Amino acid sequence: METFGPYQLLERLGRGGMGEVFRAHDTVRDRLVALKRLIPDLADDPAFEARFRRESALVAKLNEPHIIPIHDFGTIDGRLYLDMRLVEGDDLGDLLRRDGPLTPERAVDVITQLASALDAAHADGLVHRDVKPSNALVTAGGFVYLVDFGIARSITGDTSLTATGSTVGTLHYMAPERFDGRRIDGRADVYALACVLHEALTGSRPFPATGQLAVMGAHLTRDPPRPSELREGIPGSLDAVVARGMAKDPDARYPTAGALAAAARTALTAPPRVGASVPASRGLRANGSGDSRAPGVPWLPTPAPGGTGAGNRRRWLVAAGVGAGVVAAAIVGAVTLSGGASGAGLGPVVDTSSLPAPTTARPAPTTTSAPAAIGPLATVTARTLAISRDGRTALAVGEADTDILDVTTGAVRATVPVGGAFVRPVVGTAAFSPGGTRAYVVDQDGGLHVIDVTAGREVGSVSVGNSGGGIAVSADGTRGYVTTSSTVAVVDLAGPTVASRIDVGNAPVSDALAADGTTLFVSWYELQQTGAGKLLVVDPVAGRVTAEIAVGDYARDVAVAGSRVLVTARNDLSVVDPVVGTSRFVAGVVPLGIAASSDGTRAYAPVDGGLAVIDPASATVRTVLPVTDPTGPVAVIGDGRVLVGTATGVTVLDVSRE
104 METFGPYQLL
114 ERLGRGGMGE
124 VFRAHDTVRD
134 RLVALKRLIP
144 DLADDPAFEA
154 RFRRESALVA
164 KLNEPHIIPI
174 HDFGTIDGRL
184 YLDMRLVEGD
194 DLGDLLRRDG
204 PLTPERAVDV
214 ITQLASALDA
224 AHADGLVHRD
234 VKPSNALVTA
244 GGFVYLVDFG
254 IARSITGDTS
264 LTATGSTVGT
274 LHYMAPERFD
284 GRRIDGRADV
294 YALACVLHEA
304 LTGSRPFPAT
314 GQLAVMGAHL
324 TRDPPRPSEL
334 REGIPGSLDA
344 VVARGMAKDP
354 DARYPTAGAL
364 AAAARTALTA
374 PPRVGASVPA
384 SRGLRANGSG
394 DSRAPGVPWL
404 PTPAPGGTGA
414 GNRRRWLVAA
424 GVGAGVVAAA
434 IVGAVTLSGG
444 ASGAGLGPVV
454 DTSSLPAPTT
464 ARPAPTTTSA
474 PAAIGPLATV
484 TARTLAISRD
494 GRTALAVGEA
504 DTDILDVTTG
514 AVRATVPVGG
524 AFVRPVVGTA
534 AFSPGGTRAY
544 VVDQDGGLHV
554 IDVTAGREVG
564 SVSVGNSGGG
574 IAVSADGTRG
584 YVTTSSTVAV
594 VDLAGPTVAS
604 RIDVGNAPVS
614 DALAADGTTL
624 FVSWYELQQT
634 GAGKLLVVDP
644 VAGRVTAEIA
654 VGDYARDVAV
664 AGSRVLVTAR
674 NDLSVVDPVV
684 GTSRFVAGVV
694 PLGIAASSDG
704 TRAYAPVDGG
714 LAVIDPASAT
724 VRTVLPVTDP
734 TGPVAVIGDG
744 RVLVGTATGV
754 TVLDVSRE
């Protein structure tokens, strides 16, 4: 078996003219990954290496559940490489060829999830430039990933960053402005997303002409097609959504991918309970028949003809084809998919039906006793979860609205049209007042919204500036501390009004208060270059940073566990002792979020396929509880239960026996 630095190269998944892709074992973090290794000569080109690192760093910054992340990149033994998450799934193109068009409800749900990924990329200044069905991966549970950011390009950067004298993308989904040399922005991706919506609804491309000139001419001159005229059962109102999304003039399109998705949901005559936030809830619920799918939303991929269920399905390994623009030209995407032919433009496929099942990236448990799951609480979308101090009420914050949940019954008491900041942190964008009568939600535009929990409505708001999304509320409920682009805004919650600001520099993400309220902890990373992460220790009274402690790159969420603070990062979970000024990594954990018990004895980190139970004192994993498709949000109820956000809603776990 070949080794490459800390990686054991288990199986080659693909090979291109400039590199190879492997199914690999990361021996440091004990996980399976997709490893892209470029040919040696490329590392000898300083300009190429600089572009590779710059573009890889841009994509690696993206923190969105529907984007498969880059774990690491760099040089080993003189060769450039990318380390990425390994995923199983089918691409949407193959699903359409195999099973035919989707139901309108399912098509809109796919578009909603893709839109969440695009909006996150656009918020970080990246245009995907190759949105198409074969770059949408659908897992067995219906979760959708947007892959192949390999030709992504900065909105504001040099347009020659990736290719010289060439247009990169797939003609059938390219916006008109792509053909005449104009500078593009996220609205080009909106156009492509509308094309994908048309194809998902009808099973055919908007302009199915053959020949490059014919396809280009259709995008430049022909009116958008009407899906309802091509297939029965498609609401005519969706025609207008496709038409506006495919408008020739970028100014006439929906301004964001999320706006297109919202319009598509509105256009459905009987839309399922699908939130616009990340990830979209698919409205799954128990219906008494043993089928957990919502009526009319057949989410599990249909087995291929002749198969007898999941046990006999051909299994393929999927490595997202993302990375740098130079990587798109340097290496094939390592995508091998379920059943049928390979996805167009995704590179070679490898049938792994005879291979053992790949494991997900989860830490090895130190105990075999696993508390029983209580089960689903609600099918609402949750990008952030927050819990009241008495444990009776929860907030499930999505992109477009906030649901107030009764934790005992799972009932939605009210839905407030306030969405949360969803691009970077998954913990801390919402909080309750100490008494639980007020709740506070930070939106992506830097607005702090005050919600009357009893009345179920918004009662006030204030703009705090370009927000990173984190909010912490003082023990007496009079002050809120909200991270912005370079400060922590101190908000008088009685107003609410911004009372003062604490300068912390670019770029704070999330924050949390110590139990006694005398210290504020802020996750922070160096925005302009390295992404180096820090935990800032802040005196909220004096309004200054008193200490900086190094943590993982691109630090994100913060949770206080007694005298220790846990900080998530791109690939790591750190346990920090702020008194001594030291930090330790928790081995084997790649966290999606973090929360801690009030007594500080336990912390809980959603990971791929489960919930890791952490001992903060020793910075070790006690056990991993199985959770299907966790997406990051997590909150501790306080009575031995934990709320976890998943692809299908909010689940309650009983951790009292742990």
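For the sequence shown, the working numbering assigns the number 104 to the initial residue and increments by one for each residue that follows.
All C-beta atoms in this analysis are idealised placements derived from N, C-alpha and C, irrespective of residue type, glycine included.
All values derive from a computational prediction rather than experimental measurement.
Three-pair Cβ contact test at 8 Å for the stretch 677–695 versus the stretch 721–728: yes
Assigned exposure category for Gln547 - 16 Cβ within 10 Å defines buried: Here residue 547 refers to the residue found at position 444 when the sequence shown is read from its first residue. Per the 10 Å Cβ criterion, buried.
Leu676 versus Gly573: straight-line alpha-carbon distance, rounded: Residue numbering aside, residue 676 sits at position 573 when the sequence shown is read from its first letter. Residue numbering aside, residue 573 sits at position 470 when the sequence shown is read from its first letter. Distance between the alpha carbons of Leu676 and Gly573 is about 18 Å.
Close beta carbons around Ala650, own chain, < 8 Å, minus the five adjacent residues each side: Within the sequence shown, numbered from 1, the residue matching residue 650 stands at position 547. Cβ within range, chain order: Leu639, Val640, Pro681, Gly684.
Best match in Ala578, Ser577, Thr557, Val585 for proximity to Ser564 [C-alpha to C-alpha]: Here residue 564 is taken as the residue at index 461 of the sequence shown, counted from 1. Of Ala578, Ser577, Thr557, Val585, the smallest CA-CA separation from Ser564 is found for Val585.
Through-space distance from Thr754 to Pro736, alpha-carbon basis: Counting from one through the sequence shown, the residue named residue 736 turns up at place 633. Counting from one through the sequence shown, the residue named residue 754 turns up at place 651. Distance between the alpha carbons of Pro736 and Thr754: 10 Å.
Sub-9 Å separation of Arg495 and Val510 beta-carbons: In the sequence shown, the residue the question calls residue 495 occupies position 392. In the sequence shown, the residue the question calls residue 510 occupies position 407. By the CB criterion at 9 Å, Arg495 and Val510 fall inside the cutoff.
Residue from Val521, Asp251, Pro643, Thr273 whose Cα sits closest to the Cα of Val562: To locate residue 562, count along the sequence shown from 1; it is residue 459. The alpha carbon of Val562 has as its nearest neighbour, out of Val521, Asp251, Pro643, Thr273, the alpha carbon of Val521.
Separation of Ala610 from Tyr543, as counted between CA atoms: In the sequence shown, residue 543 corresponds to position 440, counting from 1. In the sequence shown, residue 610 corresponds to position 507, counting from 1. C-alpha separation (whole angstroms): 22 Å.
Every unbroken beta strand (DSSP E) inside the stretch 523–587 [3 residues or more]: 533–535, 541–545, 550–555, 560–566, 570–576, 582–587
Buried versus exposed, by CB contacts within 10 Å (16 or more), Tyr110: Numbered from 1 along the sequence shown, position 7 holds the residue referred to as residue 110. Under this definition Tyr110 is a buried residue.
Three-state secondary structure (DSSP) of His169: For the purposes of this step, residue 169 is identified with residue 66 of the sequence shown, where counting begins at 1. Here His169 carries a coil assignment [DSSP, helix/strand/coil].
C-alpha gap between Pro168 and Asp642, whole angstroms: For this step, residue 168 is matched to residue 65 along the sequence shown. For this step, residue 642 is matched to residue 539 along the sequence shown. Pro168 and Asp642: Cα-Cα distance of roughly 33 Å.
Beta-carbon proximity check, Asp513 vs Leu551, cutoff 9 Å: Along the sequence shown, one-based indexing puts residue 513 at 410. Along the sequence shown, one-based indexing puts residue 551 at 448. The identity of residue 513 in the sequence shown is Gly, whereas the question assumes Asp. For Gly513 and Leu551, no; Cβs fall outside 9 Å.
Sufficient close CB pairs (3 or more, under 8 Å) joining the stretch 326–339 to the stretch 177–196: no
Residues near Thr163 in its chain [Cβ-Cβ closer than 6 Å; skip 5 each side]: By 1-based counting over the sequence shown, the position of residue 163 is 60. It is Ala, not Thr, that sits at residue 163 in the sequence shown. So the qualifying residues of the chain are Ile173.
Val678 versus Ser589 - alpha carbon distance: As a working note, residue 678 is residue 575 in the sequence shown. As a working note, residue 589 is residue 486 in the sequence shown. Using only the alpha carbons, I get a separation of about 24 Å.
Pro143 in three-state terms, based on DSSP: Here residue 143 refers to the residue found at position 40 of the sequence shown. In this structure, Pro143 counts as helix in the three-state DSSP scheme.
Meets three-Cβ-pair contact criterion under 8 Å: the stretch 145–155 and the stretch 194–201: No: fewer than three Cβ pairs fall under 8 Å.
Contact belief for Pro338 with Ala370 at Cβ below 8 Å, rounded distance in angstroms: Translated into the one-based positions of the sequence shown, residue 338 becomes position 235. Translated into the one-based positions of the sequence shown, residue 370 becomes position 267. Sure, about 6 Å apart at Cβ, within 8 Å.
Exposed unless 16 or more other CB atoms sit within 10 angstroms - verdict on Leu316: Along the sequence shown, one-based indexing puts residue 316 at 213. With fewer than 16 Cβ atoms within 10 Å of its Cβ, Leu316 is classed as exposed.
Under the three-state DSSP convention, the category Gly108 falls into: Your numbering for residue 108 matches position 5 in the sequence shown. Coil at Gly108, not helix or strand.
Which residues DSSP lists as bridging Val641, in chain order: Looking up residue 641 in the sequence shown gives position 538. Partner(s): Leu623, Val648.
Cut-off 7 Å between Cβ atoms - residues of its own chain near Gly743, not counting five sequence neighbours on either side: Working through the sequence shown from its first residue, we reach residue 743 at position 640. If we look at Gly743 and ignore the five residues flanking it on each side, its Cβ neighbours are Asp757, Val758, Ser759.
Reference Asn238; option with closest CA among Asp292, Arg285, Val644, Pro279: Residue mapping note: residue 238 aligns to position 135 of the sequence shown, counting from 1. Comparing alpha-carbon positions, the option among Asp292, Arg285, Val644, Pro279 lying closest to Asn238 turns out to be Asp292.
From Asp718, Gly712, Gly501, residue whose alpha carbon lies closest to that of Gly769: Lying outside 104 to 761, the shown extent of the chain, residue 769 is not represented and no answer is given.
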